[in-house]
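S.K.:
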Ligand code: SF4
Ligand code: SF4
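Residue numbers (the working numbering): 689 to 1364.
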């Protein structure tokens, strides 16, 4: 009888789960091709080992990370108990090689059963403390399906409790294969031993069947809920962008007008435009809210939450299934994602800072899908915030977002007391680096002061460098992040032609956005250069004693990590090292720093867009800097410098920041130590 009941439970659940999994496979694979997802096998295997088995990203949040890791590792061990449970349907003394013999396995099974129960207790406390009903938008679970999470906690509890109960009864009946090492089972056995043999027989069978029923019910529930990630997360991670979905945008579509047809679609405008990997991303979201918790847009009251964006797209994907797969599917939905599924204010609020990508434990690639949707709006619908028009026109006509023109690009050199070679044809052999100044560095009054400092420091350090002057043009980054891929590629190809004709090999750039474009994005258009950021060069010059900071700069300095230097390009150490080399400088970190650094609000072309909803991102970051008590805010990006300087000036005008507070690039602070 026990066998019959067990088999019926198994078959019914397997049919439901199997049908659902087939449906999910069909829906996810209905997406467009996603090339490049199987290269770098070593990196993918390592990702699987470190992120899935090692739970690396989850462990970044210590308490929930440990609880999740213990539950995950526990379930790997408890896979043996599932085999034991099904085996016990056939024979109470079921055993196969490795399973059902040695005490070490019994111990591990019990040990992890207890750890899982403790972890569930931790999850319960965390969920109650972080309940969206109490903390509203401050809860990372705001907008998540919290009901399903409670069902899963209950389900896992039942798996462990029923397991311990039938094992305890087995121990009392004398056919439990593990000795006292299975301590928890024996402890429970001692509690129910007094019930007698008959009762223990009933308990064994009842809880064995219950255990199988809960496991199989859990299996079915998982395939219908956000806990699908149990199956999809390992796949999503192994097919994810390696090493991470930051730096370059993933795709560079062919924009050559001569090779385009009227049917070409740029970006993502309807759900069927997503790739299968983007569909897999949607199906994998655990609704954990780690991305939402870090998002500068969400944290300043904007409607954009990367989690809610992913959930909205996922819900729409599932709703659209009849149009995408199965009999009668037209393969098209005709439903515009923006604004029907994703509000325009959500789409344009993103600064492409990458905090979501960095935080996501299952490697969802938020920025690519956001920029894909922007591309569609800009290139297919010609719809984008009107204020961006001026910036785009300026880049196209004048080669810089402010429209000041190429002729002004040498103005910053006028106050230098040495000549900066301007490369007019091929770069001379005795000039090692091209200094890519960038639009802000050349044309913005505040940023150009940093440029002058960098030039003087390079000169003092004996670095031979030249500049392109009027031949330099915007890298195209602001246009690209806004979605205007066409303008980006025009700019990029023009610059690549200039750089290649000048036979440039090595580039120093002061703007992390320029570093990112030239180093990571130009290669796909034929531009291959060795690019380093000025903070890296300065750190090297200091370590080689070519620059020796000596005069004290007595200040407490807090360093703001530019997103495109830190998260996108993993440069965290060198700017800090430059600051720490300056005598008198005391550094303090903001609460959000390094990979958790908070955006200044300028990335993703947000620098040129109105910010009318919620608190301004630069003001939030400025307030975070003020909280440290520092008297200098330092950074290593002209955009960040401008945004934070605006923020500090606003607070100074309000009287909430000291008039002495300064915002300076690390190069400027270093130069003070060399010149004072
Ligand atoms: S990239 Fe930054 S601003 Fe955009 S959704 Fe992610 S965390 Fe939010
Ligand atoms: S996108 Fe990633 S970080 Fe955000 S809620 Fe989903 S799983 Fe969590």
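From the three backbone atoms N, C-alpha and C, an ideal C-beta is built for every residue, glycine too.
Since we're looking at a predicted model, the values are computed, not measured.
Under the three-state reduction of DSSP, which class applies to residue 833: helix, strand or coil?
M.R.: Coil at residue 833, not helix or strand.
S.K.: Report the three-state DSSP secondary structure of residue 827 (helix, strand or coil).
M.R.: Residue 827: coil per DSSP, three-state reduction.
S.K.: Could you tell me the distance, in whole angstroms, from the CA atom of residue 1250 to the CA atom of residue 792?
M.R.: If I take the Cα positions, the gap works out to 50 Å.
S.K.: Which of the three DSSP states is assigned to residue 1333 in this structure?
M.R.: Three-state DSSP puts residue 1333 in a helix.
S.K.: So the beta strand (DSSP E) residue 917 belongs to, where does it begin and stop?
M.R.: Counting along the chain, residue 917 falls outside any beta strand (DSSP E), though it belongs to the alpha helix (DSSP H) covering 917-926.
S.K.: Where residue 850 and residue 770 are concerned, what is the direct C-alpha to C-alpha distance, given to the nearest angstrom?
M.R.: Looking at the two C-alpha atoms, the distance is approximately 12 Å.
S.K.: What are the residues that DSSP puts in a beta bridge with residue 787?
M.R.: DSSP, once it has assigned bridges, lists 784 as partnering residue 787.
S.K.: Quick one: is the Cβ of residue 1055 within less than 7 Å of any heavy atom of ligand 1?
M.R.: True, at least one ligand heavy atom lies under 7 Å from that Cβ.
S.K.: Is residue 983 near ligand 1, going by C-beta to nearest heavy atom under 7 Å?
M.R.: Yes, Cβ of residue 983 sits closer than 7 Å to a heavy atom of ligand 1.
S.K.: Beta-carbon within less than 6 Å of residue 807's beta-carbon, same chain only, minus the 5 sequence neighbours each way: which residues are those?
M.R.: For residue 807, where only same-chain residues beyond five positions count, the Cβ hits under 6 Å are 755, 758 and 759.
S.K.: Does the stretch 886-901 come close enough to the stretch 838-854 to have 3 or more Cβ pairs within less than 8 Å?
M.R.: Touching, per the Cβ criterion.
S.K.: By a C-beta neighbour count over all protein chains shown, 10 Å radius and 16 as the cutoff for buried, is residue 1039 buried or exposed?
M.R.: Classification for residue 1039: buried.
S.K.: Anyone know if the C-beta pair for residue 1298 and residue 1071 falls short of 8 Å?
M.R.: In this structure, residue 1071 does not lie closer than 8 Å to residue 1298 by Cβ.
S.K.: Should residue 782 and residue 869 be called a contact, given that it needs their Cβ atoms to be closer than 8 Å?
M.R.: No. Outside cutoff.
S.K.: Residue 1046: beta carbon under 7 Å from a heavy atom of ligand 2?
M.R.: Answer for residue 1046: no, Cβ out of range of ligand 2.
S.K.: Return the residue from the list 946, 1004, 1037 and 1133 that minimises the CA-CA distance to residue 664.
M.R.: Since the first and last residues shown for the chain are 689 and 1364, residue 664 lies out of range.
S.K.: For residue 980, verify whether its CB is less than 7 Å away from any heavy atom of ligand 2.
M.R.: At least one heavy atom of ligand 2 is nearer than 7 Å to the Cβ of residue 980, so yes.
S.K.: Buried or exposed: where does residue 1224 fall if 16 or more other Cβ atoms within 10 Å of its Cβ makes it buried?
M.R.: Residue 1224 is buried by the Cβ-count criterion.
S.K.: Is residue 806 near ligand 1, with its Cβ less than 7 Å from a heavy atom?
M.R.: Not under cutoff, so the answer is no.
S.K.: Would you check whether ligand 2 has a heavy atom nearer than 7 Å to the C-beta of residue 1050?
M.R.: Yes, Cβ of residue 1050 sits closer than 7 Å to a heavy atom of ligand 2.
S.K.: Distance, Cα to Cα, residue 893 vs residue 846?
M.R.: In a straight line, the C-alpha of residue 893 is about 16 Å away from that of residue 846.
S.K.: Can you tell me whether residue 1263 is buried or exposed? The criterion is at least 16 other CB atoms within 10 Å of its CB, across all chains shown.
M.R.: Under this definition residue 1263 is a buried residue.
S.K.: For residue 994 versus residue 1044, is the C-beta distance shorter than 8 Å?
M.R.: For residue 994 and residue 1044, yes; Cβs fall inside 8 Å.
S.K.: At a cut-off of 7 Å, is residue 845 close to ligand 2 when judged by its beta-carbon and the heavy atoms of the ligand?
M.R.: No, the beta carbon of residue 845 sits no closer than 7 Å to any heavy atom of ligand 2.
S.K.: Exposed or buried, which one is residue 712 when buried takes at least 16 other CB atoms within 10 Å?
M.R.: Counting Cβ neighbours within 10 Å, residue 712 comes out buried, since at least 16 surround it.
S.K.: If you compare alpha carbons, which of 1336, 1105 and 951 is closest to residue 1347?
M.R.: Measuring from the Cα of residue 1347, the nearest candidate turns out to be 1336.
S.K.: Between which two residues does the beta strand (DSSP E) holding residue 1241 run?
M.R.: No beta strand (DSSP E) contains residue 1241, which DSSP labels as neither H nor E.
S.K.: Going by DSSP, what residue range makes up the beta strand (DSSP E) through residue 1122?
M.R.: Segment 1121-1124, the beta strand (DSSP E) holding residue 1122.
S.K.: With hydrogens ignored, establish whether the beta-carbon of residue 1240 is closer than 7 Å to any heavy atom of ligand 3.
M.R.: You won't find ligand 3 in this model; what it holds is ligand 1 and ligand 2.
S.K.: In chain order, what residues of the same chain lie with their CB nearer than 6 Å to the CB of residue 805, ignoring the 5 residues before and after it?
M.R.: Taken in chain order, the residues that qualify are 848.
S.K.: Assuming residue 1227 and residue 1192 are in contact, meaning their beta carbons sit under 8 Å apart, how far apart are those beta carbons, in whole angstroms?
M.R.: Their Cβ separation, rounded to whole angstroms, is 22 Å, which puts residue 1227 and residue 1192 out of contact at 8 Å.
S.K.: Measure the alpha-carbon distance for residue 1290 versus residue 903 and round it to whole angstroms.
M.R.: Going by the C-alpha atoms only, they are around 49 Å apart.
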